[in-house]
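Reviewing the structure listed below.
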Amino acid sequence: MAGSEEFADSTGRPSLKFRADYLLFLRDANNPMVSETPKNRYLPPHQSKFTEHLLQLVWRNGLYETGGLKTTLGVPVKVLSPGRLNRSAGPDFKNASLVIGGRKIRGEVEIHKDAKEWWDHGHQNSPAYDRVALHVFAERRGNSPAARTSTGREIPELEIGLYLRHQIEKLHEELESAQNPLTGRVDNGAPCRKIMAGMRPEDVANLLDLVGDGRMLMKSNRILDGSENRNPSDTLYELMFECMGYSTFDKQFGRMARRAGLGTISEISRQNPGVPAGLCAQSAYFRLAGKLDESPNVQDDDFVSSLKRVRISDMAPMFAERDWPLAGCRPANYPERRMAAFSFLAASGAGGASFAGGYAKLLDSLPSDSGHVETRRFVKRLMEHFTSVSDPFWDFHYSLSLQTRTPKKLIGKDKAISLVADCLIPFYLAVCRTDNDPKMEHRLVLIYRSLPPPASSGITDYMTRNMLGIENRGLAKPLRRQQALLQIYKDFCHRAPAGCADCAFVEYLKTFRR
Numbered sequence: 012m013a014g015s016e017e018f019a020d021s022t023g024r025p026s027l028k029f030r031a032d033y034l035l036f037l038r039d040a041n042n043p044m045v046s047e048t049p050k051n052r053y054l055p056p057h058q059s060k061f062t063e064h065l066l067q068l069v070w071r072n073g074l075y076e077t078g079g080l081k082t083t084l085g086v087p088v089k090v091l092s093p094g095r096l097n098r099s100a101g102p103d104f105k106n107a108s109l110v111i112g113g114r115k116i117r118g119e120v121e122i123h124k125d126a127k128e129w130w131d132h133g134h135q136n137s138p139a140y141d142r143v144a145l146h147v148f149a150e151r152r153g154n155s156p157a158a159r160t161s162t163g164r165e166i167p168e169l170e171i172g173l174y175l176r177h178q179i180e181k182l183h184e185e186l187e188s189a190q191n192p193l194t195g196r197v198d199n200g201a202p203c204r205k206i207m208a209g210m211r212p213e214d215v216a217n218l219l220d221l222v223g224d225g226r227m228l229m230k231s232n233r234i235l236d237g238s239e240n241r242n243p244s245d246t247l248y249e250l251m252f253e254c255m256g257y258s259t260f261d262k263q264f265g266r267m268a269r270r271a272g273l274g275t276i277s278e279i280s281r282q283n284p285g286v287p288a289g290l291c292a293q294s295a296y297f298r299l300a301g302k303l304d305e306s307p308n309v310q311d312d313d314f315v316s317s318l319k320r321v322r323i324s325d326m327a328p329m330f331a332e333r334d335w336p337l338a339g340c341r342p343a344n345y346p347e348r349r350m351a352a353f354s355f356l357a358a359s360g361a362g363g364a365s366f367a368g369g370y371a372k373l374l375d376s377l378p379s380d381s382g383h384v385e386t387r388r389f390v391k392r393l394m395e396h397f398t399s400v401s402d403p404f405w406d407f408h409y410s411l412s413l414q415t416r417t418p419k420k421l422i423g424k425d426k427a428i429s430l431v432a433d434c435l436i437p438f439y440l441a442v443c444r445t446d447n448d449p450k451m452e453h454r455l456v457l458i459y460r461s462l463p464p465p466a467s468s469g470i471t472d473y474m475t476r477n478m479l480g481i482e483n484r485g486l487a488k489p490l491r492r493q494q495a496l497l498q499i500y501k502d503f504c505h506r507a508p509a510g511c512a513d514c515a516f517v518e519y520l521k522t523f524r525r
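Read left to right, the sequence shown gives residues 12 to 525 (the working numbering).
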């Protein structure tokens with residue numbers, strides 16, 4: 012099934028392509044836990060359920076509304092530290108620091124999908140759970156009693172499902188870039204791990220490459236479906252703007268991108284001769300975000316005044332402060348900073364130049380016969396196109412009013428990787444498949460292979476340990492294979508209601524080995 016990824020172009024020279032083997036398996040799988048390929052060419056989100064591992068990730072990464080947390084009895088809860096993951100028997104998290112009812116407590120945290128699992132698992136009879144300070148669960152079905160220790164102490168309980176920041180599918184997107192990896196306990200008996208342990212390392216690597224290619228094709232197909240009869244520059248602009256918002260603010264950024272598109276920014280620039288296009292874009296974005304009028308305490312009045320002096324008609328706010336929750340958001344990722352960063356990218360398409368054409372020209376500068384070293388150098392320059400974005404004001408500000416102590420990059424390494432892997436590659440893959448341009452696809456494959464991996468996420472760390480094992484973890488380092496781990500987790504690991512015993516990925520492995 013592995014096949015070759017080299018094809019001959021019209022000149023007879025070998026040309027690299029993204030392989031669709033993984034998508035073909037998903038399409039042909041007669042398993043209810045695998046999405047079928049619909050008419051619009053991409054695999055939609057499956058109706059997911061909670062898994063304990065997902066809840067552990069949610070707890071560790073604080074992906075819930077921290078304000079107003081209360082126990083099931085209405086007692087206020089504040090999480091100072093979620094604790095350390097326990098990779099052996101006993102409660103899920105050790106040494107957590109909590110404030111419950113105004114009293115600071117240090118203890119353990121146990122996590123379940125359903126409140127009744129405390130009793131189903133017999134924790135009420137085990138002294139190992141006597142130091143549990145908080146029982147966290149997704150939901151309470153039925154009338155199960157409150158959790159108690161073996162000494163009879165009633166344990167405070169938190170129904171975290173009431174406070175989740177997003178729906179489940181959205182949480183998975185956010186966890187893909189979570190800053191606090193969480194591996195969970197290693198399952199040495201997972202069927203996929205047993206099969207892969209018997210495979211040659213090069214076969215495991217090829218398997219991950221196939222899935223990584225499949226993930227990129229899915230992204231590209233989604234773009235293709237949403238861009239019919241649209242200007243390519245508008246599509247890429249909206250895609251990159253939404254990407255800058257990451258999972259917490261992507262919907263807000265997406266709406267702003269459609270309201271203040273390239274045409275609008277270009278018109279604002281024409282109405283304000285002598286004003287930099289980036290400043291015009293920022294003024295429009297901040298107005299839409301409802302941020303520009305909220306500056307009574309701004310420290311740099313000159314800069315804010317320059318934003319307000321930009322003449323813009325008919326640009327009423329789309330959002331209010333409540334639409335920009337900052338709980339769990341690192342200051343470097345504050346929305347104003349992300350908007351400002353993108354404004355400098357948008358400026359390249361606001362002066363009459365083609366936004367999509369500019370990036371196409373940049374990608375075309377990679378010779379199609381480039382070797383590994385030359386491609387790596389090109390990828391470094393491509394990354395620097397984003398990471399070199401700088402501004403005297405924003406290098407030292409998290410927001411219009413909050414200064415930094417030291418200069419901060421507007422676009423960091425991980426976001427630059429995301430802009431290439433989640434925007435440029437799938438967008439131009441859609442373009443070259445439509446235009447039948449094998450040379451561009453060849454370049455995109457070279458770039459995809461050579462992109463550096465981002466920081467480890469909770470999901471990739473978990474998949475590396477549980478599916479590949481310590482002996483094969485080095486195989487998962489390339490970004491292409493990191494993408495594969497994310498896709499396998501999304502397609503299989505959190506869907507099977509009976510856990511690994513009900514997982515269709517095992518069938519894929521068997522098919523792959525034949």
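Cβ coordinates follow ideal geometry from the N, Cα and C atoms, glycine included.
Note that the structure is a prediction, hence the values are computed from the model and not measured.
Residue i to residue j span [Cα, whole Å]
i: Arg-298; j: Ala-327; result: 7 Å
i: Asn-232; j: Asn-154; result: 46 Å
i: Gly-85; j: Ala-292; result: 46 Å
i: Tyr-519; j: Phe-36; result: 7 Å
i: Phe-148; j: Asn-283; result: 55 Å
i: Asp-446; j: Tyr-33; result: 24 Å
i: Phe-29; j: Met-229; result: 11 Å
i: Pro-463; j: Ser-137; result: 46 Å
i: Arg-484; j: Leu-373; result: 34 Å
i: Tyr-409; j: Ile-422; result: 12 Å
i: Met-210; j: Arg-387; result: 29 Å
i: Ile-276; j: Ala-295; result: 8 Å
i: Lys-501; j: Tyr-257; result: 18 Å
i: Cys-434; j: Leu-219; result: 21 Å
i: Lys-105; j: Val-90; result: 13 Å
i: Val-120; j: Leu-65; result: 15 Å
Residue range of the unbroken alpha helix (DSSP H) whose run includes residue i
i: Arg-71; result: 63 to 72
i: Ile-234; result: 212 to 237
i: Asp-425; result: 424 to 429
i: Ile-323; result: Here Ile-323 belongs to no alpha helix (DSSP H), and DSSP marks it neither H nor E.
i: Phe-330; result: Run containing Phe-330: none; DSSP gives neither H nor E here.
i: Arg-444; result: 436 to 446
i: Leu-497; result: 490 to 499
i: Glu-452; result: 449 to 461
i: Glu-347; result: 346 to 357
i: Phe-366; result: 366 to 375
i: Met-478; result: Taken as a continuous stretch (DSSP letters only), Met-478 belongs to no alpha helix (DSSP H), as it is neither H nor E.
i: Asp-3; result: This structure leaves residue 3 out entirely; the chain is present only between 12 and 525.
i: Tyr-296; result: 288 to 300
i: His-383; result: 383 to 398
i: Leu-273; result: 273 to 282
i: Ala-208; result: 202 to 208
CB-CB length for residue i against residue j, believed under 8 Å
i: Ser-280; j: Ala-288; result: 5 Å
i: Met-350; j: Ala-300; result: 7 Å
i: Val-69; j: Ala-495; result: No, Val-69 and Ala-495 are not in contact; Cβ-Cβ is about 23 Å, not under 8 Å.
i: Asp-131; j: Glu-150; result: Wrong, their Cβ atoms sit about 14 Å apart, outside the cutoff.
i: Met-251; j: Phe-353; result: 7 Å
i: Ser-365; j: Ser-238; result: Not confirmed; about 15 Å, so no contact.
Assigned exposure category for residue i - 16 Cβ within 10 Å defines buried
i: Gly-469; result: buried
i: Asp-224; result: buried
i: Val-384; result: exposed
i: Leu-479; result: buried
i: Leu-337; result: exposed
i: Cys-514; result: buried
i: Gln-263; result: buried
i: Lys-426; result: buried
i: Glu-3; result: This structure does not reach residue 3, given that the chain is present from 12 up to 525, and the question cannot be answered.
i: Ala-139; result: exposed
i: Thr-162; result: exposed
i: Asn-477; result: buried
i: Arg-322; result: exposed
i: Thr-522; result: exposed
Unbroken beta strand (DSSP E) run spanning residue i, endpoints
i: Glu-249; result: Segment 243 to 255 is the alpha helix (DSSP H) holding Glu-249; no beta strand (DSSP E) there.
i: Leu-91; result: 88 to 92
i: Glu-121; result: 114 to 125
i: Val-143; result: 143 to 150
i: Leu-169; result: 168 to 170
Opposing strand residues paired with residue i [DSSP bridges]
i: Ala-107; result: Gly-118
i: Gln-414; result: His-408
i: Tyr-75; result: Leu-175
i: Arg-95; result: Lys-105
i: Lys-81; result: Pro-87
i: Glu-165; result: Arg-159
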